Amino acid sequence: MANNFNVASQSASELSTNKVLRNTYALLGFSLIPTLIGALMGMSMNFGFAAQSPILFFIITLGAMFGMFYLIRANRNSSLGVVFLLGLTFLMGILLGPILQVAFSLSNGGQIVGLAAGGTATIFLVLSGIATTSKRDFSFMGKFLMIGLLLLILAMVVNIFFQIPAMSLAISGIAVLIFSGFILYDVNRIVRGGETNYIMATLALYLNIYNLFVHLLHILMALMGNRD
Numbered sequence: 387m388a389n390n391f392n393v394a395s396q397s398a399s400e401l402s403t404n405k406v407l408r409n410t411y412a413l414l415g416f417s418l419i420p421t422l423i424g425a426l427m428g429m430s431m432n433f434g435f436a437a438q439s440p441i442l443f444f445i446i447t448l449g450a451m452f453g454m455f456y457l458i459r460a461n462r463n464s465s466l467g468v469v470f471l472l473g474l475t476f477l478m479g480i481l482l483g484p485i486l487q488v489a490f491s492l493s494n495g496g497q498i499v500g501l502a503a504g505g506t507a508t509i510f511l512v513l514s515g516i517a518t519t520s521k522r523d524f525s526f527m528g529k530f531l532m533i534g535l536l537l538l539i540l541a542m543v544v545n546i547f548f549q550i551p552a553m554s555l556a557i558s559g560i561a562v563l564i565f566s567g568f569i570l571y572d573v574n575r576i577v578r579g580g581e582t583n584y585i586m587a588t589l590a591l592y593l594n595i596y597n598l599f600v601h602l603l604h605i606l607m608a609l610m611g612n613r614d
């Protein structure tokens, strides 16, 4: 009798986890629509203020993002959480404007953006597949990834002042590794029941994918960019 109860309990837990994962992937896919719309708008906007006052722009952007993070978390158990999440993805799409403007100013910019998008999708599919099918618990990565993220943010802030191209490229290389690690960690956390709210799970994966794309695009522009 006890064995039957344990089996039923485990089966219910697996069904719940699979539901969270399915809802997360569905919302993640849907969140790319406002991102694309925002990116198209951002490409036609003038970001002269960002170039003239990068520190102030960084602070304002960071404040807006954390404000949205708070609203999403506060409403994670209601439909409003989805609305705020989609609002954030629209904002993040607009913020892609400056780097996409630079990318498409290159003669092979379309190819580079396509490679960055394809590379991001490939990395996500491979790592999420590993995280979903592997019996290994990747929770041990959390502390190391968080420390790496904090150091990465610090390095990015420092480079706002110094504007060293080599340092910027190194930061992007490290960022690709860190956010790839976060994809593995976050998907595995969902699979193991560590995250039961699909809105928060989507937010985590979206930010991983977004940052992975941006830094991969930066690397490809530096290595392949053709200004002829």
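Sequential numbering from 387 applies to the sequence shown in the working numbering. We put the CB at the ideal spot given by N, CA and C, even for glycine. Treat the numbers as computed from the prediction; the structure is a model and nothing was measured.
Asked: Between Phe599, Ala556, Leu540 and Val468, which has its C-alpha nearest Leu414's C-alpha?; Found: Val468
Asked: Short of 8 Å in beta carbon distance, which residues of its chain neighbour Val543, apart from the five on each side in sequence? Order them along the chain.; Found: Phe444
Asked: Does the pairing of the stretch 425-439 with the stretch 477-495 give three or more beta-carbon distances under 8 Å?; Found: yes
Asked: According to the neighbour-count rule (16 or more other Cβ atoms, all chains shown, within 10 Å of its Cβ), is Leu483 buried or exposed?; Found: The question names Leu, but residue 483 is Gly in the sequence shown. Buried, by the Cβ-count rule.
Asked: Return yes when the C-beta of Thr588 is under 7 Å from any heavy atom of the ligand FAD, and no when it is not.; Found: Summarising the ligand content, the structure contains no ligands, and the ligand FAD is consequently not present.
Asked: Taking C-alpha atoms, which residue in Asn594, Ile585 and Arg613 lies nearest to Ser464?; Found: Ile585
Asked: Would you say Leu570 and Phe524 are within 8 Å of each other, going by their C-beta atoms?; Found: yes
Asked: Under 8 Å: do the stretch 487-499 and the stretch 594-614 share three or more Cβ pairs, one atom per stretch?; Found: yes
Asked: Can you tell which of Leu537, Ile446, Arg578 and Tyr592 has the C-alpha that lies nearest to the C-alpha of Asn404?; Found: Arg578
Asked: Which residue from Leu501, Phe547 and Arg462 puts its Cα closest to that of Asn583?; Found: Arg462
Asked: May I ask you to verify whether the stretch 556-575 touches the stretch 521-535, counting CB pairs closer than 8 Å and requiring at least 3?; Found: yes
Asked: On a Cα-Cα basis, can you pick out the residue from Asn432, Ile516 and Ile485 that is closest to Arg575?; Found: Ile516
Asked: Under the rule that 16 or more other beta-carbon atoms within 10 Å means buried, what is Met532, buried or exposed?; Found: exposed
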